[in-house]
Amino acid sequence: MLIRGNETVSSFTFGKEERLNNDKIIARLYQSGIVVSKYPIRINYLFLKPDEMRGPFRAQVLINASKRKLKKAVSRNRMKRILRELYRHKKSLLYDQLQKKNAHMVLSVVYGGTHLLDYWEMDRVFEKAFRVLFQAIEKYEVEAESAEGKTD
RNA sequence: AAGGCAGUUCGUUCUAUCAAUCCGUGCAAACGGGUAGGAAAGUCCGGGCAACAAAGGGCAGUGCACUUCCUAACAGGAAGGUGACCGAAGGGUUAACAGAUAGUGUCACAGAAACUAAACCGCCUCGUAGAGGUAAGGGUGAAACAGUGGGGUAAGAGCCCACUCAUUUCAAUGUGAAUUGAAGUUGGGAUAAACCUUGCACGUUGAAAGACCAAAUAAAUCCGGAUCAAAGGGCGGCCCGCUCAAUUGCUUGCAAGCCGGAAGGGUAGGUCGAUUGAGAUACAUUGUGAAGUGUAUCCUAGAUUAAUGAUAGAAGACACGGCAAAACUGUGUUUACAGAACCCGGCUUAUAGAACUGCCUUUUUA
RNA sequence: GGUCUCGUAGUUCAACGGAUAGAAUAGAUGUUUCCUAAACAUUUGAUAGCAGUUCGAUUCUGCUCGAGACUA
Numbered sequence: 061m062l063i064r065g066n067e068t069v070s071s072f073t074f075g076k077e078e079r080l081n082n083d084k085i086i087a088r089l090y091q092s093g094i095v096v097s098k099y100p101i102r103i104n105y106l107f108l109k110p111d112e113m114r115g116p117f118r119a120q121v122l123i124n125a126s127k128r129k130l131k132k133a134v135s136r137n138r139m140k141r142i143l144r145e146l147y148r149h150k151k152s153l154l155y156d157q158l159q160k161k162n163a164h165m166v167l168s169v170v171y172g173g174t175h176l177l178d179y180w181e182m183d184r185v186f187e188k189a190f191r192v193l194f195q196a197i198e199k200y201e202v203e204a205e206s207a208e209g210k211t212d
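Quick note, in the numbering used here, the first sequence goes up one by one and the last residue is 212.
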C-alpha cells in the first residue's frame, strides 16, 4: 500500500487553492526565492507573511517540467503527474513542519531531467529533496525570531 | 495454403485505493454522471469569427495553373484526358501537365560551331598559293537544327517521294481536356522550381482578436495640430482620389482649455468570447463518384501556472523458450506514434501490434 | 497559442546554378632549434537530412530535423 506507517493519515486532496496561480507571486518566487536542487528535481521556495497568502492553506505549490529538457508534451505531462501525486501524498509532512514554526510559504517543484523516471525512483529523490527543505524550515524559525526581536 | 498488390477498421479491457476538473442535485456534508486523438502533432493550405470609424481606381506584391464537377472555401477531393515509368498478371505510381512563334537573360568545360550562326577532319568542283560548294560521315558535348528507306546530285541537302514524329488548319465525336480522320508554299534548340507573359484568385492582423464588469489612476513634461491651405492620421505597400478630430480671450503672438502622438505612471482580478456545430449517427433518395436533399435520433472534453491522473492486482495480447505439433506451461513486456488550448474542412509527417475486404500468381486436394 | 529567421571544416565567415566548395584560425605530422615559441610545408569536410527541377544544385522547390528571435 502507498500509505506507510510513518505518514499520518489525513486528506490527500489537492484542490485549486493549494496550487500557486498568481503571476506576481511567481515572479517574486523566482527572483528572490531560495533554490534546493536534488537532480533531477529543483525546488524554489519563498516564505510569505500570512496576509500575503491567497487561500486557507499554509503552502501553495506549482509543479512544472522543463520544455528545454523534455521536448515531448507527453513526457512532460507524465513527469508533472508523478510529481503531483508525490506532493499530494507527502504534503501533510510539510504542513506539520510549517505548523510547528507557524510559517507560510510558496514553492515550485520543477523537473529538470532529460530522461524519464518511474514513480519509485522519483519517490527516492523527492524524499531527499524534502528532507533538505525541512532543514531550511527549521533554520527559518530562528531567523524569523531574531528578526522579530530586532523590530521589537 | 503460400506470396504479392490495393483498400478499410481498431489501436487494450476490468477491479481496488487515493486524487483532478466540469455539469447536475443539495443549506452544507456528500452523492450521481461526463472527461483526451487518429493523427489532438507539423502549422503547410483554406474558411468561420473579431477588430481595424467610413467610397473607389490604378500600379506593385503574393499564390495558383490539363478538363469537368464537388465544396463555405482551398495548393483539398471525385470522375476523366495526356505524357513518363513500374509489373509476369490483376493493376499501379507519378507530373511544379498554360506559354520558349511577346521580349530579355543563361547555356561552364569540351567542341570548328551552342542560335536565325558556323567548314576542324572529311566529300566534291575549279585548281593545286588558294577559292567555292556541301551539314551525308567523323570527332566534342547534357544538348549539334526532324528519324528511317529510296530517288536525285559533281558531292550533298525535306531538294523530291513513301512511312513515322512534331506542328498548323479543317471536319466528325465529346459539356470539356482531348480522340479519330483529311489536308498543308509547315519542320526555327534547351531552360519559365531564370526574369517574365497570359488567365484566375487574394485587404491586414489573430482569441495575447475583441466585448463587459470590478479595481487603480497622474498631474507635470516634450512634439505636432485646429476647417483657406499645409503637416499629421485612416482607406493593404506606393500613387491618384476620398476622408477625419479639436476654440476662446485679447496686446496678433502669447495665455488657458481642446485634439493627436511620444515618454512615463497605475492596474493586471473576474465574466463572456468558449464548445449546438458548414455537428454526428442511421435510413431513404439523386448521382459513375466526391457529394447533395429529406426524415428520425443524439448532445459526445472544455482546462486557464493549465484537468482528463497515480499506484497495485487480474484478464487478454505479443515476443522468446520447453514439446514432432497442438493443448499446456515458464520468462519478459503492458506497450507504437503521441497530449486538446477559439472552432471547423483538408494536406503532410509519425505509428508496436491486430482484424477484415477485393483482386492476381503459384502449388495441393475434390 | 501565434508570427518569423537561420543551419557550410573543431570555431568565425566566403562562394552568378558551372572544373576538384575557398579564407582565417584551431588540431595533427614534418622541417628548423640543444628544447620551446615563431616561421615554413603537408594534412583534416557526407554544405543539417530526404526527395524533386536541371545536362549540372551550397545556391531553386517541397517535406523532415535542429537552433534562435519576436509577440499582452
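Glycine is no exception: its CB is placed at the ideal position from the N, C-alpha and C atoms. Predicted model, so just to flag it, every value in this text is computed and none were measured.
Those residues which DSSP pairs with residue i across a bridge
i           : result
residue 104 : 95, 168
residue 197 : Paired residue(s): none; residue 197 is not in a bridge.
Nearest to residue i (by Cα), restricted to the options the options
i           : options            : result
residue 192 : 111, 154, 178, 163 : 154
residue 77  : 176, 166, 84, 158  : 166
residue 170 : 199, 75, 96, 195   : 96
residue 178 : 84, 142, 197       : 142
residue 104 : 119, 114, 115, 111 : 119
residue 196 : 183, 163, 181, 176 : 163
residue 157 : 140, 114, 190, 86  : 190
residue 184 : 100, 161, 116, 200 : 100
Own chain residues within Cβ distance below 7 Å of residue i, not counting five before or after
i           : result
residue 129 : 172, 173, 174
residue 188 : 98
residue 72  : 148, 149
residue 93  : 104, 105, 106
residue 111 : none
Nearest-angstrom Cβ-Cβ length linking residue i and residue j, presumed shorter than 8 Å
i           : j           : result
residue 148 : residue 74  : 5 Å
residue 125 : residue 114 : With a Cβ gap of about 24 Å, residue 125 and residue 114 do not count as contacting.
residue 88  : residue 121 : The pair is not a contact, with the Cβ atoms about 15 Å apart (cut-off 8 Å).
residue 139 : residue 108 : Not really, about 27 Å apart at Cβ, beyond 8 Å.
Cutoff 6 Å; reference residue i; Cβ partners in own chain excluding five residues on either side
i           : result
residue 186 : 146
7 Å Cβ cutoff met for residue i and residue j
i           : j           : result
residue 123 : residue 102 : no
Residues near residue i by beta carbon distance below 8 Å, same chain, minus five either side
i          : result
residue 67 : Reliability fails at residue 67, whose pLDDT of 32 lies under 50, so the model's placement of it is uncertain and no value is given.
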